[in-house]
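Going down the list, the protein sequences come from chains U and W. Using this note's numbering, you'd call the opening residue of the first sequence number 4 and step up by one each time. Using this note's numbering, you'd call the opening residue of the second sequence number -5 and step up by one each time. Ideal placement from N, C-alpha and C gives every residue a C-beta, glycine not left out. It should be emphasised that the depicted structure is a prediction, and the values quoted were computed from it without experimental measurement.
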Amino acid sequence: MDWTPPPRRPSAMRREQNLSLVSAVVSGGVITAGLLLLLVARVNPQTASRLRMAAADVAAPLWSAVRAPVDGMSRLFEDVGGYFGAVSRAQALAEQLDLANARLRQSRLEARELAQLKKLLAVREPTRRVIAATRIAAAMSGGAVRSAMLAVGSSSGVARDMPVIGSDGLVGRTTETGRYSSRVLLITDSISRVPVIVERTGQAGLLAGRGEPTLLLVDRVGPDLPLRIGDRIVTSGDGGVFPPGLPVGRVIDAHAAAPVIRPAQPPLGAGFVTIEAAWLPSPTPEPTGPVFDAPVPTEARQRGAPRPRLRPSPRSADPAATVPS
Amino acid sequence: MITSPPPPVRLMSPDERRRWLLSTWRYAVPTLVSAALVLVMLAPLPLPVPAMPQLGLMAVLAWAMLQPALMPPWAAFFIGALADMLLGMPLGLNATLFALATGAMRLIDAGTGERGHGFDWAVAGVMLLAVLLLTGPLMALAGQPVPMAPLLWQLPASLLMWPLVVRFCADVQRRLVASANAMA
Chain U
4 MDWTPPPRRP
14 SAMRREQNLS
24 LVSAVVSGGV
34 ITAGLLLLLV
44 ARVNPQTASR
54 LRMAAADVAA
64 PLWSAVRAPV
74 DGMSRLFEDV
84 GGYFGAVSRA
94 QALAEQLDLA
104 NARLRQSRLE
114 ARELAQLKKL
124 LAVREPTRRV
134 IAATRIAAAM
144 SGGAVRSAML
154 AVGSSSGVAR
164 DMPVIGSDGL
174 VGRTTETGRY
184 SSRVLLITDS
194 ISRVPVIVER
204 TGQAGLLAGR
214 GEPTLLLVDR
224 VGPDLPLRIG
234 DRIVTSGDGG
244 VFPPGLPVGR
254 VIDAHAAAPV
264 IRPAQPPLGA
274 GFVTIEAAWL
284 PSPTPEPTGP
294 VFDAPVPTEA
304 RQRGAPRPRL
314 RPSPRSADPA
324 ATVPS
Chain W
-5 MITSPPPPVR
5 LMSPDERRRW
15 LLSTWRYAVP
25 TLVSAALVLV
35 MLAPLPLPVP
45 AMPQLGLMAV
55 LAWAMLQPAL
65 MPPWAAFFIG
75 ALADMLLGMP
85 LGLNATLFAL
95 ATGAMRLIDA
105 GTGERGHGFD
115 WAVAGVMLLA
125 VLLLTGPLMA
135 LAGQPVPMAP
145 LLWQLPASLL
155 MWPLVVRFCA
165 DVQRRLVASA
175 NAMA
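The structure is reproduced here in C-alpha cells:
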C-alpha cells in the first residue's frame, strides 16, 4: 500500500487559475462598491458634487473652445442666408411693426395708470439682474438626466438656483457651480418643476419635465377654464427663482388630463443664454454648527482658525463678526 | 499584443528599461479612448428626441471584445465614474453598469469561441438594452426615480453607431500594434 504523491499541476496553470480568481474577486468588489456609492448618493445627494464640478471645470471650457469654430461657421451661413428673401421679410416686419405700435400706444396708457396705482399702494418689486451671458458649452441629450454645462462659474458670480434664460424663453436653472463651470437643470428633466400661469386664463400650475422634448402642465389651481391649443404659458414668479412673466411654452395638447406643453425655447438649441440673479433673494440660512461665544486666541487665529461666530443678538451690530457658513 | 512583452526587469540595461517604461502608456489607451468618447457624448446637439448614443459604454464593450486584458471591470468602473461626474448622474450609476457589462462580456467571451461581427453586434445590442433597463432601478436606488420610456430612445441610435465605434477602436488598436512593432 504505497502512497504516491498527486501530480503537481504545472505552475503556469496554477498562476492562471489564481489570476482568474483574483480578477473575479476584484470585479465583484468593484460592482459592490458601485452599488454602495449609489446608496451613499441616495442618503446624501451632495456627496460627489465637488468631484462633479471638478470634472465639469475641465470639460466645459474644453467644449466651449471646441465649439467656437463651428459657431463661427454657422454664423457665417446665417449671414449669407440673411440676404435671400430680405424684401419680403422686411414687408412682413413692417406690418408687424404697425400692429405692435398700435398695441404699444394702448399699453403706454395702461402702464402709466399701473405706475400710479402701484405708487398709491406702495408696491415694491425686485428687479431682474443679469449675472452672465454665455453659450451652452456642453449638454446631455440622452440618458436619464437632462442637464447642460455652462463655461461660467462662481468666478463670474454664478451661484446655484439662478434662472437660465434663452432668447425665446426659459431654459432651466443652475444646480451646481464650480469655479469655471456650472451645471444647468433643463426644464425638460424629469425632476424639474417650474411654477407657471396660463397667460390667457390666469390659471396657476406647475410645469413638469419628463425627460422628453415636451412638458406637462400639472397641479393646476385657480379658474378652471378650458385650455386652448396655442395658449402661452409664462412663469408666475412663485418660489422666488424664476422672474414672473417669462415665456416658457405653448399648449399643444389641451384635452389630455395633463396638458402637453412645447417649450418656447428648446433647451438644447438655445445658443446664447443669460443667467440672472434669483428673482427673490433666497433666505440666508442660519449658521449651522456650533456657535462660539468665547473669543478665539490670537495665536490660533494667526494659524487660520475662523473668526468667532457670535450668536446674533440685537446689540452686536458688527456684521464682520458673523461669518456665514 | 499592442506592446512587446517586457523583458525581465533585472536583466534590462538602463536604456532598455527607459524605453520599456516609456512604452507602458499603451496599456492606458483603451481607457483613454473610452474616456474621450464619454466627453464626446457631451456635445450639445439639438436633437428632437433624447437619442444621444451611449458612446462611452459602447467603447468599453468594444475594447472588452478587442483587448479583454486591457479593459478589466475595474477600468470600466473608473470610466463609468467619469461618465457619472460629467453627465451629472448620481456617482456610481454608470460605474456599476459599465463594470457589470464588462464582467458579463468576459463570461460571454469565455463561453463562445470564434465569432463574427454580426454576433458581436447582437451581443452589444443585448448589453445596451440590459444597461438601459437597469438604469431605471438603479436611479431609483439612488433616490432619483426617472421615467423609463425616454431612455429607450438611446437604443436604436446606439445600435446604429456600433459598427462605427468598433471600427474606430479597431483602427486605434491597429495603429498601436504597428507602432509597437516599429519600436521593437
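In this structure L188 (chain U) touches T178 (chain U) by the C-beta definition: roughly 5 Å separates them, less than 8 Å. If you keep only unbroken alpha helix (DSSP H) runs of at least 4 residues inside the segment 1 to 47 of chain W, you get 8 to 17 and 23 to 34. Here the segment 111 to 125 of chain U makes no contact with the segment 251 to 260 of chain U; the two share fewer than three CB pairs at distances below 8 Å.
At the C-beta level, G252 (chain U) and I232 (chain U) stay beyond 8 Å of one another. For T106 (chain W), there is no enclosing alpha helix (DSSP H), as DSSP marks it with neither H nor E.
Counting only Cβ-Cβ distances below 7 Å, W68 (chain W) has contacts in chain U at V29 and V33, in chain order. The continuous beta strand (DSSP E) containing S150 (chain U) extends over residues S150 to L153. Under the three-state reduction of DSSP output, D164 (chain U) falls in the coil class, being neither helix nor strand.
Note that the segment 38 to 50 of chain W does not touch the segment 128 to 140 of chain W; fewer than 3 beta-carbon pairs, one per stretch, sit closer than 8 Å. Contact between C163 (chain W) and W57 (chain W) holds: their C-beta atoms lie close to 6 Å from each other, under 8 Å. With a cut-off of 8 Å on Cβ pairs, the segment 154 to 173 of chain W is not in contact with the segment 241 to 255 of chain U, counting fewer than three such pairs. In the displayed model, G252 (chain U) falls within a strand according to three-state DSSP. For the pair of segments examined, the segment 110 to 124 of chain W was found not to touch the segment 74 to 90 of chain W: the number of CB pairs separated by less than 8 Å stays below three. Contact with chain U is found for G86 (chain W), since one of that chain's Cβ atoms lies less than 8 Å from the residue's Cβ. For R265 (chain U), no alpha helix (DSSP H) run applies; the uninterrupted beta strand (DSSP E) run containing it begins and ends at V263 to P266, by DSSP. Within the same chain, no Cβ atom closer than 6 Å to the Cβ of A147 (chain U) is found once the five residues on either side in sequence are excluded.
L153 (chain W) and S239 (chain U) have their C-alpha atoms spaced approximately 43 Å apart. Taking CB atoms only, G107 (chain W) has no neighbour in chain U less than 8 Å away. The beta-carbon distance between R149 (chain U) and R70 (chain U), rounded to whole angstroms, is 19 Å. This is too long to meet the 8 Å contact definition. A distance below 8 Å separates the beta carbons of E279 (chain U) and M165 (chain U).
Between V125 (chain W) and L51 (chain W), the CB-CB gap stays under 8 Å. If you ignore the 5 residues before and after P226 (chain U), its C-beta comes within less than 7 Å of the C-beta of T204, G205 and Q206, all in its own chain and listed in chain order. By the CB criterion at 8 Å, V161 (chain U) and T180 (chain U) fall inside the cutoff. Legend: CB atoms of the segment 67 to 82 of chain U lying less than 7 Å from CB atoms of chain W are not found in any residue. The beta carbon of S193 (chain U) lies closer than 7 Å to those of G212, R213 and G214 in the same chain, with the five residues before and after it left out.
As DSSP reads the structure, A142 (chain U) sits in a beta bridge with U:A151. For G208 (chain U), no alpha helix (DSSP H) encloses it; the enclosing beta strand (DSSP E) starts and ends at A207 to A211. Under the Cβ distance rule, M59 (chain W) does not count among the residues neighbouring chain U, no pair being separated by less than 8 Å. The C-beta of A147 (chain U) comes closer than 8 Å to at least one C-beta of chain W. S185 (chain U) is bridged by DSSP to U:L153 and U:T180. Residue pairing by DSSP places T238 (chain U) opposite U:V199 in a beta bridge. Neighbours of L38 (chain U) in chain W, taken as residues whose beta carbon is under 9 Å from its own, are G86, T90, L132 and L135 in chain order.
Residue ranges of uninterrupted alpha helix (DSSP H) with 4 or more members, entirely inside the segment 42 to 129 of chain W and ordered along the chain, are 49 to 60, 67 to 81 and 87 to 105. In the three-state reduction of the DSSP assignment, I232 (chain U) falls in the coil class, being assigned neither a helical nor a strand state. Burial is judged here by how many other beta carbons sit within 10 angstroms of a residue's own beta carbon; G172 (chain U) has at least 16 and is buried.
According to the DSSP secondary-structure assignment, F275 (chain U) is paired through a beta bridge with U:R138.
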